[in-house]
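Residue numbers (this note's numbering): 104 to 288.
What follows is one structure encoded as structure tokens, with my remarks underneath.
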Ligand SMILES: CC(C)(COP(=O)(O)OP(=O)(O)OC[C@H]1O[C@@H](n2cnc3c(N)ncnc32)[C@H](O)[C@@H]1OP(=O)(O)O)[C@@H](O)C(=O)NCCC(=O)NCCS
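Next up, the structure:
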């Protein structure tokens, strides 16, 4: 689903934009995916695992969201640079369509500027606009204190833990926590 572009102010005073992705964002998104994969252990991929991403694949990924009747993917652009993205996906089966899952990641240069907070405000509004939806869900990896702080600030609470969900290259095992945010009706 496409939504209207949203302009907002970062904590450092710069202007930023949240908007749906188009063909002009393919290169910037590939750059963001590779850079962010090398900057944190808290996302799924290592940088070399981004080699499989192609311009055609990214475009198809954008279109899948833009053409979806429900799901939304937003890029954040700062000074014309793709700083990161977020998405919200709504389940469709009768038994699970009250649930929405969300994900977010930014390049480190853009952490702590309020982008995550703005992205969550928008994704919560999108969930609230769908009458069936009663809960938003996400996961974070042990040690990701910034993410946990953001999610708790936005009303999520921990509901479970998956032991040893991540195994890093050096053998370190990390637990993954599930969180839920209720949408009051
Ligand atoms: C986690 C992430 C999405 C947060 O986005 P962001 O734009 O940096 O978030 P914001 O700037 O809106 O908010 C960050 C909050 O964390 C706080 N924070 C920063 N470092 C922190 C730390 N080490 N411990 C606890 N809180 C911290 C900030 O003070 C801010 O809180 P406030 O708004 O109450 O002042 C972003 O940092 C990121 O992309 N990280 C790498 C990828 C990742 O971890 N993705 C999430 C996977 S679950």
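Each residue gets a CB set at the ideal place from its N, CA and C atoms; glycine is no exception.
Quantities reported herein were computed from a predicted structural model and do not represent experimental measurements.
DSSP state of residue i mapped onto helix, strand, coil
i	result
residue 278	strand
residue 261	strand
residue 234	coil
residue 169	helix
residue 164	helix
Cβ neighbours of residue i in the same chain (closer than 8 Å, five flanking residues each side left out)
i	result
residue 215	114, 249
residue 116	none
residue 195	173
CA-to-CA distance, residue j to residue i, given in whole angstroms
i	j	result
residue 284	residue 266	22 Å
residue 260	residue 229	19 Å
residue 174	residue 153	23 Å
residue 123	residue 178	6 Å
residue 305	residue 243	Nothing in the structure corresponds to residue 305, since the chain is present only between 104 and 288.
residue 235	residue 218	27 Å
residue 287	residue 257	14 Å
residue 109	residue 225	9 Å
Ligand 1 heavy atom lying under 7 Å from the CB of residue i
i	result
residue 217	yes
residue 248	yes
residue 134	no
residue 256	yes
residue 259	no
residue 187	yes
residue 243	yes
residue 252	yes
residue 281	no
residue 180	no
Residues of its chain near residue i, where Cβ-Cβ distance is below 6 Å and the 5 sequence neighbours each way are ignored
i	result
residue 276	267, 270
residue 204	192, 240
residue 165	124
residue 254	282
Query raised in the report: For the 8 Å Cβ check, are there 3 or more pairs between the stretch 181 to 189 and the stretch 124 to 136?
Result: yes
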